[in-house]
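Numbering (my numbering), first residue to last: 59 to 222. Glycine included, C-beta positions come from ideal geometry on N, C-alpha and C. Just so it is clear, the structure is predicted and the values come from calculations on it, not from any experiment. As structure tokens, the structure follows; a few thoughts come after it.
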Amino acid sequence: MILLAVPYTHIGLVLQSRENRQRSPKKGYRMAKKTLTSVKKRAWKVFSEMIRRTRADDDGMAYCVTCKQEFPDKAKKVHWKELQAGHFIDGKGNAILFDELGVHPQCYSCNCMKSGNKIEYFRFMQEKYGDEVIDYLRRKKHQTKKFTIDELENLMVIWRSRYG
Ligand SMILES: [Zn+2]
59 MILLAVPYTH IGLVLQSREN RQRSPKKGYR MAKKTLTSVK KRAWKVFSEM
109 IRRTRADDDG MAYCVTCKQE FPDKAKKVHW KELQAGHFID GKGNAILFDE
159 LGVHPQCYSC NCMKSGNKIE YFRFMQEKYG DEVIDYLRRK KHQTKKFTID
209 ELENLMVIWR SRYG
């Protein structure tokens, strides 16, 4: 027990001291500094909102695409705020993260509980776009895209203008 506890404590101390160093108020620019991570996080929020709002009707109501695929007659429209933006192919590899062909409104249950409900998502993609787009996204997922802060900020302006 003691042997196990030692490395963890050690890691804890290292992490803590690194955090303290970053939060040091010595350098004045620290407050205004934007990191790529923080801008990317904000960009995802804007992108996600654009996906959900542009696919909603005039009353702001939209379907979860995979519920609609699975239960065409039973699925109900909900307000876009109650939906999430779910990836057809997981977007962690930057290249497809912000590709709107592969991101659609999904409910929490399909996106999170059913890990994207991929079988229904695949059928949805096939019917909506066909194999060409599916293959395009399959290829693109292997590409790495390094966004810059400027690039993301420009994209956010474009995305906002689409629902603003
Ligand atoms: Zn759903």
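- Annotation: residue 126 to residue 168 spans about 11 Å, alpha carbon to alpha carbon.
- Approximately 6 Å separates the beta-carbon atoms of residue 121 and residue 135; this is inside 8 Å, confirming the contact.
- For the 8 Å CB-CB criterion, residue 164 and residue 149 do not form a contact.
- DSSP lists 136 as the beta-bridge partner residues of residue 120.
- In this structure, the alpha-carbon of residue 146 lies about 25 Å from that of residue 116.
- In the three-state reduction of the DSSP assignment, residue 184 falls in the helix class.
- Residue burial is scored here from C-beta neighbours: residue 210 has at least 16 other C-beta atoms within 10 angstroms and is therefore classed as buried.
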